[in-house]
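Below you'll find the structure, written out as structure tokens, and then a few comments.
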Amino acid sequence: MTTLTAHETRIDLSDAALWQDGPPHDEFARLRAEAPVAWNQRHDGHRGFWAVTRYDDIVAVSRDTETYSSRNGVISLDDFDDAQNDKRRTLLEMDPPQHGKMRMLTLPGFTRRGVGALEQDVRSRVSALLDRLTGAGSFEAVETLTKQVPIITLCSLLGIPMDRTADLIRWSDMLIGSDDPDFVDPIVDHYTEAERRMMPFGHPAALQAFEMGRELAADRRANPREDVVTMLVQAQVDGRPLTEDEYLNYFLMLVVAGNETTRHTMSHGLRALADHPEEWERFRAGGVKSQTAVDEILRRASPVHFVRRIATREAELGGVTIARGDKVAMYFASGNRDEAQFDGPERFDIARAQNAHMAFGKGGPHFCLGNYVAQLQLRVLIEELAMRVARIETTGRVNILRSNHIHGVKALDLAFHSA
Ligand code: HEM
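Numbers given in this note's numbering equal positions in the sequence shown, counted from 1, plus 302.
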């Protein structure tokens, strides 16, 4: 029997099954109190990693890009070699100054102002979906609502034809849900493990999304438009256009990052509002700003459990010594419940005054590029809902994704009772 030291996790946070009942908030509370930077042993051949659970330590790691590099497997707790990292590299897996140059390429599409242009369209689509669902009895909300809004918004932003939304949803479900038996994809068996590890998200659905990315790039070279794909095909970095891998990885990251996270935040938000009718009533009564409510929904949902870094040199953090080459995972799921940062963090408080949540990251250069896009959709959803729906009820399933990385909702049965 192995004996745990004071600075080890008591559960294996890399075990996807563990997260299926929701984030392990009790263990996170213990870690924040007793072992804020804890070693998580792995038992499957991959090296262990450090789990950083306090808000302030997460901000410190995020900021210090020289000590904590992003160049190695940011969205996974597994080990990767240089060839795998290079082939899969996106904006997320770059450090300054290269990261800043790549981020600038699409930034104009993601500013508050740029995104504001989408509002009317998002509002009319959300209205149409809600009109259909309100007062219509029980329905499954992921399929009918929360999957639909983000993908439509993303297609508008990127310039992807609306008849491709079902493909994009299928691929991103496969890429994000590869540890969940509900998303088993037989295509995986056509490739060896070594081949898959060279693919983004380690999954061949990425190759199908790449095909779409290539078709769109060819079209936008011939017919430029005002969209993010056109920005990418016209981009120059260090005086040259993007390589094919750079373009495809960028495209895929936007498609997946913009789709899954927003969807799951909406689902968690609706569930929280159903579970806390008094908070929904407060919002509907007016006096609580939409932005305040959106922030609390984001904090509560915290759809990205962690991102991770790799130490470029020895460092001291939270009472432990991190060695060069160690993996360091920042648990936003824990930071968003840190009692040193939030008053009564377990409470869902729609009017929470101090709420510098870290659902989009915090303090570092990788802060979510699409945060205005996500916030716009969340704001429109609750505003349009408030006009129509007096009570939200959970009527059956609340199925959580089996993933150590994404706090996903696979199915959510709801009823919207009209005002
Ligand atoms: C509620 C929805 C969303 C959440 C919770 C979320 C969360 C995050 C997080 C945690 C990061 C990493 C931050 C870090 O490492 O410091 C990130 C990065 C990123 N997100 Fe989001 N995201 C959301 C929506 C979106 C949307 C809608 C898009 C695009 C349309 C998007 C695009 C990106 C991109 C491109 C990055 C990489 C930024 C970089 O490395 O510089 N995200 N997001």
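Just so it is clear, CB atoms sit at the ideal spot from N, CA and C, and this is done for glycine as well.
Taking all protein chains shown into account, decide if residue i is buried (16 or more other Cβ within 10 angstroms of its Cβ) or exposed.
{"i": "Q386", "result": "buried"}
{"i": "E581", "result": "buried"}
{"i": "Q656", "result": "exposed"}
{"i": "Q450", "result": "buried"}
{"i": "F634", "result": "buried"}
{"i": "I489", "result": "exposed"}
{"i": "G627", "result": "exposed"}
{"i": "I454", "result": "buried"}
{"i": "N374", "result": "buried"}
{"i": "L409", "result": "exposed"}
{"i": "I313", "result": "exposed"}
{"i": "D346", "result": "exposed"}
{"i": "M689", "result": "exposed"}
{"i": "A496", "result": "exposed"}
{"i": "Q536", "result": "exposed"}
{"i": "T545", "result": "exposed"}
{"i": "D384", "result": "exposed"}
{"i": "T494", "result": "exposed"}
{"i": "A642", "result": "exposed"}
{"i": "H707", "result": "buried"}
Looking at the unbroken beta strand (DSSP E) that takes in residue i, where does it start and where does it end?
{"i": "R704", "result": "Taken as a continuous stretch (DSSP letters only), R704 belongs to no beta strand (DSSP E), as it is neither H nor E."}
{"i": "D715", "result": "V711 to S720"}
{"i": "L619", "result": "A617 to L619"}
{"i": "V339", "result": "V339 to N342"}
{"i": "A353", "result": "F351 to V354"}
When you compare only the Cα positions, how much space is there between residue i and residue j?
{"i": "Q677", "j": "K591", "result": "13 Å"}
{"i": "D529", "j": "L518", "result": "11 Å"}
{"i": "M737", "j": "M555", "result": "This structure cannot settle anything about residue 737, because the visible part of the chain is limited to 303 through 721."}
{"i": "S364", "j": "K664", "result": "7 Å"}
{"i": "E548", "j": "M406", "result": "14 Å"}
{"i": "T307", "j": "Q343", "result": "11 Å"}
{"i": "M303", "j": "R334", "result": "Low local confidence applies: a pLDDT of 45 at M303 is under 50, so the model's placement there is unreliable, and no value is given."}
{"i": "Q593", "j": "T446", "result": "25 Å"}
{"i": "G461", "j": "V531", "result": "7 Å"}
{"i": "L509", "j": "C670", "result": "24 Å"}
{"i": "E629", "j": "V486", "result": "Checking the sequence, you will find Lys at residue 629 rather than Glu. Distance between the alpha carbons of K629 and V486 is about 28 Å."}
{"i": "F512", "j": "T696", "result": "38 Å"}
{"i": "V354", "j": "T436", "result": "42 Å"}
{"i": "P667", "j": "W321", "result": "28 Å"}
{"i": "L420", "j": "T413", "result": "12 Å"}
{"i": "S480", "j": "I702", "result": "14 Å"}
{"i": "I360", "j": "M500", "result": "29 Å"}
{"i": "R681", "j": "G589", "result": "15 Å"}
{"i": "V675", "j": "R427", "result": "15 Å"}
{"i": "P647", "j": "H401", "result": "33 Å"}
{"i": "R516", "j": "F608", "result": "30 Å"}
{"i": "A717", "j": "H659", "result": "29 Å"}
{"i": "N673", "j": "V558", "result": "14 Å"}
{"i": "I624", "j": "P526", "result": "48 Å"}
{"i": "R693", "j": "R584", "result": "12 Å"}
{"i": "P502", "j": "R565", "result": "21 Å"}
{"i": "R434", "j": "S720", "result": "12 Å"}
{"i": "D484", "j": "R466", "result": "22 Å"}
{"i": "V700", "j": "A318", "result": "17 Å"}
{"i": "N561", "j": "R332", "result": "33 Å"}
{"i": "T311", "j": "A631", "result": "13 Å"}
Go to residue i, then tell me how far its alpha helix (DSSP H) extends in each direction, as first and last residue.
{"i": "A723", "result": "No answer is possible for residue 723: the residues shown for the chain start at 303 and end at 721."}
{"i": "V417", "result": "R414 to G418"}
{"i": "I585", "result": "The residue asked about is misnamed: residue 585 is Phe in this sequence, not Ile. Looking at the DSSP string, the run of the alpha helix (DSSP H) that includes F585 is P579 to R586."}
{"i": "E336", "result": "H327 to E336"}
{"i": "S364", "result": "Y357 to R365"}
{"i": "M660", "result": "No alpha helix (DSSP H) holds M660; DSSP gives it neither H nor E."}
{"i": "V590", "result": "V590 -> no alpha helix (DSSP H), and no H or E assigned at all."}
{"i": "D323", "result": "Counting along the chain, D323 falls outside any alpha helix (DSSP H), and DSSP gives it neither H nor E."}
{"i": "N387", "result": "D384 to R390"}
{"i": "H401", "result": "Q400 to M406"}
Under 7 Å: does the beta carbon of residue i sit that close to some heavy atom of the ligand FAD?
{"i": "T467", "result": "With respect to small molecules bound, the structure shown includes the ligand HEM and not the ligand FAD."}
For the stretch 600-610 and the stretch 561-575, state whether three or more C-beta atom pairs, one from each stretch, are separated by less than 8 Å. Segments in contact, yes.
Kindly confirm or deny that the stretch 611-623 and the stretch 335-351 touch, where touching means at least three C-beta pairs closer than 8 Å. When C-beta atoms of the stretch 611-623 are compared with those of the stretch 335-351, three or more pairs fall below 8 Å, so the two segments count as touching.
Return the chain-ordered ranges of every alpha helix (DSSP H) run that is complete within the stretch 476-564 and spans a minimum of 4 residues. Annotation note: the stretch 476-564 contains the following uninterrupted alpha helix (DSSP H) runs of length 4 or greater, listed N- to C-terminal: 495-498, 507-524 and 530-536.
Quick check for students: name the residue ranges of the alpha helix (DSSP H) that lie wholly in the stretch 607-646, counting only runs of 4 or more. Runs of the alpha helix (DSSP H) lying entirely within the stretch 607-646 and spanning at least 4 residues, in chain order: 634-637.
In chain order, which alpha helix (DSSP H) runs of at least 4 residues are fully inside the stretch 425-481? Counting whole runs of 4 or more residues, the stretch 425-481 contains the alpha helix (DSSP H) stretches 450-460 and 467-478.
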